[in-house]
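With the working numbering as the guide, the letters of the sequence shown map in order to residues 25 to 170.
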Amino acid sequence: MRDMADETVSIDKIDREILSILQTDGRIAWQTLGDRVHLSPNAVAERVRRLTRTDVIKGFRAEINQAALGRTLEAVIDARMPHTQGFDDAVMKRDDVLWAAHVTGESDVTLAVACNGTAGLDALLKWLQREGATETHTDVVLSKIR
């Protein structure tokens, strides 16, 4: 697979509409998607294949109901800590970290997490300290907009 990081892919209004629909329903049938963008199922399928081949679409994922897994508390954590590959590798193994990013500004790392209540959040914050976090700021998610 070639690296598309430095290349810009040309997409049109229909491609953008397809992407918008796929973001909310990645399992939509070609026929239904075609009806919504006024194209045949084959034409839509070819566009999706092209968007996937050019790395505009990076994959299709399941949206997990975290509460059904007992993870009833979601939060965003900003942490100050030195960057190490060991931390990056460790965070990738944690089921309670939904995503993590190196960021600019006051913190070095931002994590979105889903924990088993306050006890799970407390355990995760203690883990961050053991991994080298010198300071954390936690915002609990009350409700999601998108």
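All C-beta atoms, glycine included, are put in the ideal place defined by N, C-alpha and C.
*Ala99: buried (16+ other C-beta within 10 angstroms of its C-beta) or exposed?*
By the neighbour-count rule (16 or more Cβ atoms within 10 Å), Ala99 is buried.
*Can you check whether the CB of Glu155 is closer than 8 Å to the CB of Phe111?*
The answer is yes: Cβ separation under 8 Å.
*Below 6 Å CB to CB, which residues in the same chain sit around Asp102 once its five sequence neighbours on both sides are set aside?*
Result list for Asp102: Ser131, Thr134, His161, in chain order.
*Please list, in chain order, all residues of the same chain as Leu75 whose beta carbon is under 6 Å from its beta carbon, the five residues on each side excluded.*
Excluding sequence neighbours, Leu75 sits near Ile81.
_beta strand (DSSP E) segment containing Leu97, residue limits_ = Per DSSP, the unbroken beta strand (DSSP E) holding Leu97 starts and ends at 97-104.
*How about Leu93 and Gly144: are their beta carbons less than 8 Å apart?*
Contact flag unset, no.
_As an exercise, report each continuous beta strand (DSSP E) stretch of at least 3 residues that is fully enclosed by the region 65-151, in chain order._
Listed in chain order, they are 97-104, 121-126, 133-139.
*Taking just the CA atoms, how far does Leu63 sit from Ser167?*
Computed Cα separation, rounded: 36 Å.
*Nearest-angstrom Cα distance between Met105 and Leu149?*
Our two residues, Met105 and Leu149, have alpha carbons roughly 13 Å apart in a direct line.
_Assuming contact is defined by CB atoms lying nearer than 8 Å, are Arg95 and Asp120 in contact in what I supplied?_
A contact, by the Cβ cut-off of 8 Å.
_Among Leu46, Ser34, Thr158, nearest to Phe84 - alpha-carbon criterion_ = Nearest C-alpha to Phe84: Leu46.
*How long is the line joining the alpha carbons of Trp54 and Ala86, rounded to whole angstroms?*
If I take the Cα positions, the gap works out to 18 Å.
_Glu159 (DSSP reduced to helix, strand or coil)_ = Glu159 falls in the strand class under three-state DSSP.
*At which residues does the alpha helix (DSSP H) containing Val61 begin and terminate?*
Val61 -> alpha helix (DSSP H) spans 54-61.
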